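Input: a single structure, listed below in structure tokens.
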Amino acid sequence: MPVKKSRGGGPSGLKEAGPHYLGHRERLRARFREAGDDALTDYEMLELVLFRALPRRDVKPLAKELIAKFGSFAEVISAPAARLKEVKGLGESAITDLKIMQAAANRLARGAVKKRPVLSSWSAVLDYCRTAMAFSEKESFRILFLDKRNQLIADELQQTGTVDHTPVYPREVVKRALELSATAIILVHNHPSGDPTPSRADIQMTQAIVEVARPLGISVHDHLIVGKEGHASFKGMKLI
């Protein structure tokens, strides 16, 4: 007697056995729902991101390869698209999803800084600066412009340079602060090497900005250097 088939192609009343990775995906999603991201490793978090773009593949090997190549979940989603394209099996759709994840993280961190007195939410400022810049492969320089209540007026990326240098012009920094009617600024740049220790050039540039800004009533609250290994505060190090 012939066996009746179900829509899935298997015997009636039975589910067709899918690829092994489908069960793995559901278990991983369940663990995330029940225990949160702290229960997952970096490569497992990456798997969750890749599931949508690569629905018919076991993405665990790819996730592990990405972590091995770039170092961490944060470094993977922050990697330039051109470098992500070097990884075999990672197509445009998956790369777009990774960059969306990076953009979402940046917006979330930025939202914690907006409309709040910056100096009273310093940990949020540090989190935002690290999220936005710490994992970049090129050095860049940004400025947080503050009003008299120390609330954020604007956050602007001023320059992007090479792997170890960004040109900064003190008079242009102060000119922009005057245009925005800012009474204080926080300088931020990254060290792609990962080590946030200020260089002699960093110190000289900061002192030049302080000297130009002071007579015009603009305070330089701090200069932050962020990197994969942490951050350095000029104010905390008593360099300004």
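Start counting the sequence shown at 906; every next residue gets the next number (this note's numbering).
All C-beta atoms, glycine included, are put in the ideal place defined by N, C-alpha and C.
Model, not experiment: these values are computed from the prediction.
CB of residue i within 8 Å of CB of residue j, strictly
i	j	result
Val-1125	Ile-1108	no
Cys-1034	Leu-1129	yes
Ser-1086	Thr-1065	no
Gln-1063	Val-1023	no
Pro-985	Glu-1042	yes
Ala-968	Glu-980	no
Ile-1090	Ile-1123	yes
Lys-1053	Thr-1088	yes
Pro-1103	Ala-1137	yes
Val-1018	Ala-1010	no
Ala-958	Ala-1008	no
Contact with chain C by residue i, beta-carbon distance below 8 Å
i	result
Asp-1032	In summary, chain C is missing from the structure at hand, where a single protein chain is found.
Paired residues, beta bridge with residue i - DSSP
i	result
His-929	None; His-929 has no bridge partner.
Ile-1108	Its beta-bridge partners do not exist; DSSP assigns none.
Asn-1011	According to DSSP, Asn-1011 bridges with nothing at all.
Val-1093	Arg-1047 and Leu-1129
Pro-1022	Gln-1056
Ser-856	With the chain covering 906 to 1145 only, the question about residue 856 has no answer from this structure.
Ser-1124	Ala-1089
Inter-residue CB distance, residue i and residue j (contact presumed, cutoff 8 Å)
i	j	result
Asp-1060	Leu-1051	Actually they are not in contact, since the Cβ atoms of Asp-1060 and Leu-1051 sit about 10 Å apart, beyond 8 Å.
Val-1093	Met-1038	7 Å
Leu-1003	Ile-982	5 Å
Ala-1106	Val-1079	About 19 Å; that fails the 8 Å criterion.
Glu-949	Leu-927	Rounded, the Cβ-Cβ distance is 16 Å, inconsistent with contact.
Of the residues the options, the one placed nearest residue i, counting alpha carbons only
i	options	result
Asp-1032	Ala-986, Ala-1014 and Leu-995	Ala-1014
Pro-1097	Ser-998, Glu-1134, Ala-1008 and Glu-1077	Glu-1134
Phe-975	Ile-1005, Lys-990 and Asp-1127	Lys-990
Val-954	Glu-939, Arg-932 and Phe-978	Phe-978
Thr-1111	Pro-1072, Lys-993, Thr-1001 and Ile-1000	Pro-1072
His-929	Val-1018, His-1136, Val-964 and Ala-1009	Val-964
Gly-994	Glu-970, Ile-1005 and Asn-1011	Glu-970
Met-1006	Glu-931, Glu-939, Thr-1036 and Glu-1116	Thr-1036
Pro-1075	Gly-1099, Asn-1095, Leu-1121 and Ile-1058	Leu-1121
Asp-1127	Trp-1027, Arg-938, Ile-1058 and Pro-960	Trp-1027
Phe-1040	Gly-1099, Asp-943, Leu-1144 and Gly-996	Gly-1099
Item to complete: Please list the segments of the alpha helix (DSSP H) lying wholly inside the region 1026 to 1073, counting only runs of 4 or more residues, in order along the chain.
Response: If we require 4 residues or more, the alpha helix (DSSP H) runs fully inside the region 1026 to 1073 come out as 1027 to 1038.
Practice prompt. Output the residue ranges of the beta strand (DSSP E) runs that lie fully inside the region 959 to 988 and measure 3 residues or longer, sorted by chain position.
Written response: Counting only runs of 3 or more, we get nothing.
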